[in-house]
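For reference, the structure is listed below as structure tokens.
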Amino acid sequence: MVPTLEVQNLRVHFMLDEGVVRAVDGVTFSVRDGKTLGIVGESGSGKSVIGQSILRIVPPPGRIVEGKILLRMENEDGTKGRLDLAQLDPNSRQARSIRGRDVAMIFQEPMNSFSPLHTVGNQIIEALRLHSDVSKNEARNRAIEMLGKVGIPRPEHRIEAYPHQLSGGMRQRAMIAMALVCNPRVLIADEPTTALDVTIQAQIVELLKQLQEEFGMAILFISHNLGVVAEISHDVLVVYFGRVMEQAPVDVLFREPLHPYTRALLKSVPGIDTPVRSKLATIDGTIPEPSELIPGCPFFGRCDQCGGDSVCQDTPYVLTKVAENHSVACPLVCVAG
Amino acid sequence: MSEAQVLLEVKDLKKHFPIHRGVFKKVVGHVKAVDGVSFRLRAGETLGLVGESGCGKTTVGRMIMGAYRPTSGNVWFQPPNGQPRIDLADIRPKQMKPLRRHIQMVFQDPFASLNPRMTVRQILAEPLVVNKVAKGRELEARVRELVELVGLKLIHLNRYPHAFSGGQRQRISIARAMALYPCVIVADEPTSALDVSVQAQIVNLSLEIQDKIGVAYLFISHDLGLVRHFSKKIVLMYVGRVVEYAPAEPLFARPRHPYTEALMSNVPSTRPEMVGHKIILEGDPADPINPPSGCPFHPRCLYAEEMCATVEPPLMEVEPEHLVACHFADVLNLTGCDALGCAV
Ligand SMILES: Nc1ncnc2c1ncn2[C@@H]1O[C@H](COP(=O)(O)OP(=O)(O)OP(=O)(O)O)[C@@H](O)[C@H]1O
Ligand SMILES: Nc1ncnc2c1ncn2[C@@H]1O[C@H](COP(=O)(O)OP(=O)(O)OP(=O)(O)O)[C@@H](O)[C@H]1O
Ligand SMILES: [Mg+2]
Ligand SMILES: [Mg+2]
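Taken in sequence, the protein lines are chains A and B.
When you read off a place in the first sequence, starting at 1, and then add 55, the result is the number in our numbering.
When you read off a place in the second sequence, starting at 1, and then add 1, the result is the number in our numbering.
If you want it as structure tokens, here you go:
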């Protein structure tokens, strides 16, 4: 079957005075109905920009300079086709109708996605009425129902609250409700559970799984919380410096990660066996400036495996398939090994 | 060994926000955001503050910062210069001003807390200039030191916050909070916007600074793995109240409150073999506008009995320094946490 969403060789660049920031630099992946693709990677690796590109809301001076974003469409006459969102005029009616209805996003910054001037309820109702033909009353009931589903106590009262009157976690849940209320086919969840306690987190993960089962929604789940990614994803994409370093089914990625970058990420989280107050494993250095041009492995210099191996510095970046559904972009694994 | 000095003593702290309705803005009820919270924070220590989203953690932090005036209760603060302690709950803004530099906050939301019109250099220099700590070349040196401290680069100094990713912005706000070497930092979910490698750096850095200059942290977090790694003692809140308050080790080994057990069972892990049975909390999260009678957790508690609906359990010491508000703390044999984080 055709994937719900397929991204091919996506490049998104920001043209800044100091140089071209290659926020996303040749990323390819796809997700199918009812599946969740987890996206992990350090801060600044391009995860949010991937999400923004799909919705076509990359802020200027950012621009999609190459690639395809193919969304499977069911036309009204029953024919099927694929629409390349990368070719769409972001301000067109078509783009606006796709945003929210077909593809919805839970944003990383809850404060920025609600207007402080209107109640949370009105904003959800508005979003719903924009995309579907429902009466005000019906929309209100749907909004209350959705707020309840994401675990907001007494939603019929909270619907009147302004964003600043909600706790951080409640705002986040309200935003999740807003994204889900139109029943999108593709949900981009950018750090959706960071401000939530673990019981609510578990509840949201359950809710997403349940909606996925019911409606076959495809989910891109961006998160720093590797535990949550492990619990919700079917496959995981590890990005770094705007590129995919490893992609694998979830159990393979967490049990037998191949890329030294993936391993380093996993090691930096304290586990039950980590001695209290001990120094946690870190990754030396920082992600290179995205305006730098790096032909070889972008993890070169920070990697604890390559030890200055010239194969790492010289081999051009390429993502190599090492097993069914498992790809790695490490010269040591793919070229030398 | 004598225990370190108590820097902060929070006593029966309450914050009730009025709810207004109608054109005349009549007060029709209150959000009991914080409803009787007590704890102590000692010099150089970390106290973890954990609890359901909306249970009042940020509100506690804001009262300590003097940003909200408590409805009742005290926030005793011991200034570092040996002056008598001061109740921050009962203080005029003018008196608060000189104390501000000793207590700093790192916020949950790095997007809302940085001035978009200031460069990183200006953001970091501001507290140093306002408090007349440094100027000229020394100021620039301090600013550079701070930037490097949190893993950013010197070329970032001239950029504005919007040009950074979420994690980078949080590093800036951490650097700003550290600028004056305060004695208390209220860190509200300081690393939840950070990736795991920066989180590890910030954790190492915070521990290092703590060892070096003895800053005390009130560490608000949902990440029990981090809380365990960091904290000497932990306070668990549920709808504005403390349900358990204990040293970290015995707490994780054997929680005494059913809510703590539920939290621990839900910690996500990359090791599926470690994840035991998740306790799904039935029913609605407690509502601070109209909290349940008796024990506030009783409608969702797996072990609740009749008396729990009517009698509020007091916070009692079940073992030295281990306080619990549960009628059955002694008889229940609850399960601790085996599945924190990852291991590769
Ligand atoms: N509006 C913008 N202007 C200039 N550069 C930008 C802009 N938005 C993002 N970038 C740059 O693009 C790169 C990728 O940023 P992005 O926000 O996608 O990172 P991320 O992986 O989502 O990080 P985080 O985990 O911190 O949210 C970063 O180097 C960032 O500085
Ligand atoms: N300014 C305000 N006006 C009215 N109610 C408020 C205000 N600030 C907070 N509240 C309410 O007080 C309660 C506690 O909020 P608080 O932000 O302290 O929670 P929290 O424990 O920090 O939650 P989270 O983990 O989600 O950040 C919530 O019910 C919230 O809606
Ligand atoms: Mg992001
Ligand atoms: Mg909070």
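Where is the CB? At the ideal position from N, CA and C, for every residue including glycine.
**Delimiting residues of the alpha helix (DSSP H) encompassing threonine 259 (chain B)** = Just to set this straight, residue 259 (chain B) is proline in the shown sequence, not threonine. Element bounds for proline 259 (chain B): 259-266.
**Prompt:** Is the distance from the Cβ of valine 293 (chain A) to the Cβ of glycine 96 (chain A) below 8 Å?
**Reply:** yes
**Message:** Under DSSP, the beta strand (DSSP E) around aspartate 290 (chain A) begins and ends at which residues?
**Reply:** 290-295
**Asked** Cβ of methionine 225 (chain A) within 7 Å of any heavy atom in ligand 2?
**Response** yes
**Prompt:** From which residue to which residue does the alpha helix (DSSP H) around tyrosine 316 (chain A) run?
**Reply:** 315-322
**Asked** Roughly how many angstroms lie between the CA atoms of asparagine 192 (chain A) and valine 29 (chain B), to the nearest whole one?
**Response** 25 Å
**Request:** Could you tell me if the beta carbon of aspartate 189 (chain B) falls within a distance shorter than 7 Å of some heavy atom in ligand 4?
**Result:** yes
**Request:** Alpha carbon to alpha carbon, how far is proline 292 (chain B) from proline 300 (chain B)? Give it in angstroms, no decimals.
**Result:** 10 Å
**heavy atom of ligand 2 below 7 Å from threonine 60 (chain B) C-beta** = yes
**Message:** Going by DSSP in three states, aspartate 139 (chain A) sits in which element: helix, strand or coil?
**Reply:** strand
**Prompt:** CB-CB under 8 Å to alanine 78 (chain A), same chain, minus the five flanking residues each way: which ones, in chain order?
**Reply:** Val67, His68, Phe69, Gly101, Val104, Gly117, Gly297, Pro345
**Asked** According to a CB-to-CB cut-off of less than 9 Å, which residues of the region 303-336 of chain B neighbour chain A?
**Response** none
**Prompt:** For glycine 52 (chain B), does the three-state DSSP call read helix, strand or coil?
**Reply:** strand
**Request:** For the beta strand (DSSP E) holding aspartate 189 (chain B), just list the boundary residues, first then last.
**Result:** 185-189
**Asked** Any Cβ of chain B within less than 8 Å of the Cβ of serine 108 (chain A)?
**Response** no
**Request:** Indicate whether at least one CB of chain A lies closer than 8 Å to the CB of arginine 118 (chain B).
**Result:** no
**Message:** ligand 4 and serine 170 (chain A): does any heavy atom of the ligand fall closer than 7 Å to the residue's C-beta?
**Reply:** no
**Item:** C-alpha gap between phenylalanine 18 (chain B) and glutamate 181 (chain A), whole angstroms
**Value:** 28 Å
**Message:** Counting only Cβ pairs nearer than 9 Å, list the residues of chain B close to asparagine 280 (chain A).
**Reply:** Ser193, Val197, Asp224, Pro269
**Asked** In chain B, which residues lie less than 8 Å from threonine 249 (chain A) when you measure between Cβ atoms?
**Response** Glu190, Ser193, Ala194
**Asked** Among A:Arg332, A:Ala229, A:Glu211, A:Ile287, which residue has its Cα nearest to the Cα of asparagine 205 (chain B)?
**Response** A:Arg332
**Closer than 7 Å: alanine 194 (chain B) CB and nearest ligand 2 heavy atom** = no
**Request:** Give a single yes or no on whether serine 114 (chain B) has its beta carbon closer than 7 Å to a heavy atom of ligand 4.
**Result:** no
**Member of B:Asn267, B:Lys16, B:Val319, B:His223 whose CA lies at the smallest distance from the CA of arginine 257 (chain B)** = B:Val319
**Asked** Which whole runs of the beta strand (DSSP E) in the region 8-71 of chain B are 3 residues long or more, in chain order?
**Response** 27-43, 47-52
**Request:** Closer than 8 Å by C-beta to aspartate 189 (chain B): which residues in its own chain qualify, once you throw out the five before and the five after it? Chain order, please.
**Result:** Lys58, Thr59, Gly62, Met106, Val107, Phe108, Gln109, Ile221
**Message:** Just to confirm the assignment, what range does the beta strand (DSSP E) spanning valine 79 (chain A) have?
**Reply:** 74-86
**Message:** Nearest by alpha-carbon distance to arginine 154 (chain A): which of A:Thr134, A:His173, A:Asn177, A:Leu183 is it?
**Reply:** A:Leu183
**Item:** Residue of A:Ile259, A:Arg318, A:Pro312, A:Leu65 minimising C-alpha distance to glutamate 286 (chain A)
**Value:** A:Ile259
**Request:** Look up proline 248 (chain B) in the DSSP assignment and say whether it is helix, strand or coil.
**Result:** strand
**Asked** Under a three-way DSSP split, which group does lysine 98 (chain B) fall into?
**Response** helix
**Message:** Taking the straight line between their C-alpha atoms, what separation do you get for threonine 261 (chain B) and threonine 271 (chain B)?
**Reply:** 21 Å
**Request:** Check the Cβ-Cβ distances between valine 11 (chain B) and every residue of chain A, and say whether any is below 8 Å.
**Result:** no
**Asked** Which residues in the same chain have their Cβ closer than 8 Å to the Cβ of tyrosine 295 (chain A), if we skip the five residues on either side of it in sequence?
**Response** Gly96, Glu97, Ser100, Tyr316, Ile342, Pro353, Phe354
**Message:** I'd like to confirm the pairing. Which residues does DSSP put opposite glutamate 318 (chain B) in its beta bridges?
**Reply:** B:Leu324
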